[in-house]
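Enquirer: Please see the structure below; I have some questions.
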Amino acid sequence: MDDIVKMIGLKNNCTFCGVFRRQALDRGAALLKVDKLVTGHNADDIAETVLLNILRGDIARLSRCTSITTGEDGPIPRCKPFKYTYEKEIVMYAYFKKLDYFSTECIYSPNAYRGFAREFIKDLERLRPRAILDIIKSGEDFRIATTTKMPEQGTCERCGYISSQKWCKACVLLEGLNRGLPKMGIGRPRGVNGDHKKETKKPGPAVKSIESKQCGSLDF
Amino acid sequence: MQLTLEFGGGLELLCDSIKIHKVNINFPNESDILTVKDLLSWVRTNLIKERPEMFMKGDTVRPGVLVLVNDCDWELSGQLDTTLEDKDVVVFISTLHGG
Chain A
4 MDDIVKMIGL
14 KNNCTFCGVF
24 RRQALDRGAA
34 LLKVDKLVTG
44 HNADDIAETV
54 LLNILRGDIA
64 RLSRCTSITT
74 GEDGPIPRCK
84 PFKYTYEKEI
94 VMYAYFKKLD
104 YFSTECIYSP
114 NAYRGFAREF
124 IKDLERLRPR
134 AILDIIKSGE
144 DFRIATTTKM
154 PEQGTCERCG
164 YISSQKWCKA
174 CVLLEGLNRG
184 LPKMGIGRPR
194 GVNGDHKKET
204 KKPGPAVKSI
214 ESKQCGSLDF
Chain B
1109 MQLTLEFGGG
1119 LELLCDSIKI
1129 HKVNINFPNE
1139 SDILTVKDLL
1149 SWVRTNLIKE
1159 RPEMFMKGDT
1169 VRPGVLVLVN
1179 DCDWELSGQL
1189 DTTLEDKDVV
1199 VFISTLHGG
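Line by line, the protein sequences are chains A and B.
Under this note's numbering, read the first sequence as residues 4 to 223, first letter to last.
Under this note's numbering, read the second sequence as residues 1109 to 1207, first letter to last.
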């Protein structure tokens, strides 16, 4: 990760780390032929993710992030059993049971966007502890208009991994790193080769409504 | 009075990486009770060697830091107004970590 940051700078670190780690987990799980992949995400994490996706306008992720199990129709489903457990409860449990754990923070996290969501959630928790569970419940209750354009799940042309685009994110990021283009795969999608799509004059209605914009591409 | 203070979850890094501190604290002026609020400002002045904003925010601990007085959550004993007695053990655990 240090090598990656040397190349891309201190922004968007979470994108690289998260994408690569997730794929590494999945591929490792496949090698071990496991039935299910279980992670330790807790209530605070889920609430932060809900807020993050709202702030980013990522409707695709928003619809999936509160599911306790995802990928049930795939090879290895993923589950988050601690979805309703507060981080505070987990820390207290570990303390009283004298469990040893790592508490080091990622050195690149101070620049992460998630930090802002976390700060806000912690302030909310202090005023009204139920807020965390309520945010998760709101996230679960979201219903997406049927007219909203959602990405479709396919496979990556380069490596065969599941992907909603032509290439999976890991391949796009990897290609960018290998070619010395650290911004590839970051921000608005520009096509697989990193070139801007040519502006062609097409007949027909121009893209106007916010619903037909590509998921996760709202940029403020 | 004698108190034992413990720092966990990464907070020990703010006090020279020492997890357990045995300290002697005097009552604040014109008072014969010591509250956790008094203790906090004492800790900030005397024990926190770096990045005080990681430990405190305003008059109280940073949101995300747990405070246990004799193994009991301070929310049950009055939070900042919890009174301390001789030989009490106060534990500060940060719950903020990970990526």
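All residues carry an ideal CB built from backbone N, CA and C; glycine is no exception.
Note that this is a predicted model, so its numbers are computed, not measured.
1) Against chain B, with Cβ distances strictly below 9 Å, would aspartate 103 (chain A) count as a contact?
2) Per DSSP, which residues does valine 1173 (chain B) bridge with? Please list them.
3) Can the beta-carbon of leucine 1204 (chain B) be found closer than 9 Å to that of leucine 1148 (chain B)?
4) Whole angstroms are fine: how far does the CA of glycine 118 (chain A) sit from the CA of leucine 1119 (chain B)?
5) Does any CB atom of chain B fall closer than 9 Å to the CB of arginine 121 (chain A)?
6) By alpha-carbon positions, which one of A:Thr72, A:Cys162, A:Ala27, A:Lys172 ends up nearest to lysine 83 (chain A)?
7) For serine 66 (chain A), I'd like the list of residues in its chain whose CB is within less than 6 Å of its CB, leaving aside the five on either flank, ordered along the chain.
8) Note down the Cα distance separating glycine 74 (chain A) from asparagine 114 (chain A), rounded to an integer number of angstroms.
9) Please classify isoleucine 17 (chain A): does DSSP put it in a helix, a strand, or coil?
10) Tell me the rounded alpha-carbon separation between asparagine 1137 (chain B) and threonine 1191 (chain B).
11) Determine whether the Cβ of glutamate 1158 (chain B) lies closer than 9 Å to any Cβ atom of chain A.
12) Report the option in A:Asn45, A:Phe23, A:Thr151, A:Cys17 whose CA atom is closest to the CA atom of leucine 136 (chain A).
13) On the criterion of 16 or more Cβ atoms from any shown chain inside 10 Å, does glutamate 155 (chain A) qualify as buried, or is it exposed?
14) Helix or strand or just coil, what does DSSP make of asparagine 1137 (chain B)?
15) State the start and end residues of the unbroken alpha helix (DSSP H) segment that holds valine 94 (chain A).
16) Measure the CB-CB distance between aspartate 47 (chain A) and glutamate 90 (chain A) and report whether it falls below 9 Å.
17) Quick check: valine 1198 (chain B) and leucine 1176 (chain B), are their CB atoms within less than 9 Å of each other?
18) How big is the Cα-Cα spacing for serine 1139 (chain B) and tyrosine 104 (chain A)?
19) What does the Cβ neighbour count give for glutamate 128 (chain A), buried or exposed, with the cut at 16 atoms within 10 Å?
20) Per the DSSP calculation, valine 41 (chain A) is bridged to which residue(s)?
21) Measuring CB atoms only, is the region 9–20 of chain A touching the region 52–65 of chain A, in the sense that at least three cross pairs come out at less than 8 Å?
22) What residues from the region 81–94 of chain A come within 7 Å of chain B, judged by C-beta to C-beta, listed N to C?
23) Return the CA-CA distance between proline 116 (chain A) and alanine 27 (chain A), expressed in angstroms with no decimal places.
24) Lysine 1145 (chain B) by DSSP, collapsed to three states: which one?
25) Could you name the residues of the same chain whose beta carbon sits closer than 8 Å to that of lysine 39 (chain A), not counting the 5 residues immediately before and after it, in chain order?
Expert: Reading off the structure:
1) Residue mapping note: residue 103 (chain A) aligns to position 100 of the first sequence, counting from 1. No, aspartate 103 (chain A) does not count as interfacial toward chain B.
2) Within the second sequence, numbered from 1, the residue matching residue 1173 (chain B) stands at position 65. Valine 1173 (chain B) pairs with B:Ser1202.
3) Sequence index remark: in the second sequence, residue 1204 (chain B) carries index 96 (1-based). Sequence index remark: in the second sequence, residue 1148 (chain B) carries index 40 (1-based). Result no, Cβ atoms of leucine 1204 (chain B) and leucine 1148 (chain B) do not sit closer than 9 Å.
4) Here residue 1119 (chain B) corresponds to residue number 11 of the second sequence, with the count starting at 1. Here residue 118 (chain A) corresponds to residue number 115 of the first sequence, with the count starting at 1. Rounded to the nearest angstrom, the two C-alpha atoms are 18 Å apart.
5) Within the first sequence, residue 121 (chain A) is the residue found at index 118, counting from 1. Chain B, which has a Cβ nearer than 9 Å to the Cβ of arginine 121 (chain A), makes this yes.
6) Walking along the first sequence from the start, residue 83 (chain A) turns up at place 80. Checked all of A:Thr72, A:Cys162, A:Ala27, A:Lys172; the closest Cα to lysine 83 (chain A) is A:Thr72.
7) What you label residue 66 (chain A) is simply residue 63 of the first sequence in a count that begins at 1. Excluding residues within five positions, the ones whose Cβ falls inside 6 Å are Ile147.
8) Counting from one through the first sequence, the residue named residue 74 (chain A) turns up at place 71. Counting from one through the first sequence, the residue named residue 114 (chain A) turns up at place 111. Between glycine 74 (chain A) and asparagine 114 (chain A), the C-alpha separation is close to 30 Å.
9) Mapped onto the first sequence, residue 17 (chain A) falls at position 14. Per the sequence presented here, residue 17 (chain A) reads as cysteine, with isoleucine not at that position. DSSP places cysteine 17 (chain A) in helix when its eight states are reduced to three.
10) Counting from 1 along the second sequence, the entry for residue 1137 (chain B) is found at position 29. Counting from 1 along the second sequence, the entry for residue 1191 (chain B) is found at position 83. Taking the straight line joining both Cα atoms gives about 15 Å.
11) Here the question's residue 1158 (chain B) lines up with position 50 in the second sequence. Not an interface residue.
12) Translated into the one-based positions of the first sequence, residue 136 (chain A) becomes position 133. Nearest option by C-alpha distance: A:Asn45.
13) Working through the first sequence from its first residue, we reach residue 155 (chain A) at position 152. By the 10 Å Cβ count, glutamate 155 (chain A) comes out exposed.
14) By 1-based counting over the second sequence, the position of residue 1137 (chain B) is 29. In the structure shown, asparagine 1137 (chain B) sits in coil (DSSP, three-state: anything other than H, G, I, E or B).
15) Counted from its first residue, the first sequence places residue 94 (chain A) at position 91. From DSSP, the alpha helix (DSSP H) with valine 94 (chain A) extends over 90–99.
16) Taking the first residue of the first sequence as 1, we reach residue 47 (chain A) at position 44. Taking the first residue of the first sequence as 1, we reach residue 90 (chain A) at position 87. Yes, Cβ-Cβ distance for aspartate 47 (chain A) and glutamate 90 (chain A) is below 9 Å.
17) Residue 1198 (chain B) sits at position 90 when you count from the first residue of the second sequence. Residue 1176 (chain B) sits at position 68 when you count from the first residue of the second sequence. Closer than 9 Å, so yes.
18) On the second sequence, residue 1139 (chain B) is found 31 positions in, with the first residue counted as 1. On the first sequence, residue 104 (chain A) is found 101 positions in, with the first residue counted as 1. Their backbone Cα atoms lie some 40 Å apart in a straight line.
19) Your numbering for residue 128 (chain A) matches position 125 in the first sequence. Per the 10 Å Cβ criterion, buried.
20) Taking the first sequence and counting its residues from 1, the one referred to as residue 41 (chain A) is at position 38. Its beta-bridge partners are A:Cys82.
21) no
22) Glu90, Lys91, Val94
23) By one-based count along the first sequence, residue 116 (chain A) stands at place 113. By one-based count along the first sequence, residue 27 (chain A) stands at place 24. According to the sequence displayed, residue 116 (chain A) carries tyrosine and not proline. So the two alpha carbons sit approximately 23 Å from each other.
24) As a first step, residue 1145 (chain B) is located in the second sequence; it is residue number 37 there, counting from the start. Helix, per DSSP.
25) In the first sequence, counting from the first residue as 1, residue 39 (chain A) sits at position 36. Closer than 8 Å at Cβ, skipping near neighbours: Ile79, Pro80, Arg81, Cys82.
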